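Engineer:
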Amino acid sequence: MEQPRMLTERHLENYASVLIWGMQKARTSPSQKNDIVIVRYDFPA
20 MEQPRMLTER HLENYASVLI WGMQKARTSP SQKNDIVIVR YDFPA
């Protein structure tokens with residue numbers, strides 16, 4: 020039995036778009052093809 024998901028596919032797509040937008044705004048130079056990006060996050064306690 021599959022567990023219910025906390026986020027829908029649409030929510031995940033929107034979240035990914037916001038992460039990419041934020042990364043583009045924070046960078047001083049444009050991203051190049053095959054750039055490596057580290058996404059840091061904290062799990063709630």
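With our numbering applied, the sequence shown corresponds to residues 20 to 64, in that order.
Heads up, the beta-carbon is just placed ideally off N, CA and C, and yes, glycines get one too.
Just so you know, these numbers come straight off a predicted model, no measurement behind them.
Roughly how many angstroms separate the alpha carbons of Arg24 and Val58, rounded to a whole number?
Structural biologist: Your numbering for residue 24 matches position 5 in the sequence shown. Your numbering for residue 58 matches position 39 in the sequence shown. C-alpha separation (whole angstroms): 22 Å.
Engineer: Secondary structure at Met42, three-state DSSP: helix, strand or coil?
Structural biologist: Locating residue 42 in the sequence shown gives position 23, counting from the first residue. If DSSP states are grouped into helix, strand and coil, Met42 belongs with the helices.
Engineer: Please state whether DSSP places Ser50 in a helix, a strand or coil.
Structural biologist: The residue you call residue 50 lines up with position 31 of the sequence shown. Here Ser50 sits in coil by DSSP.
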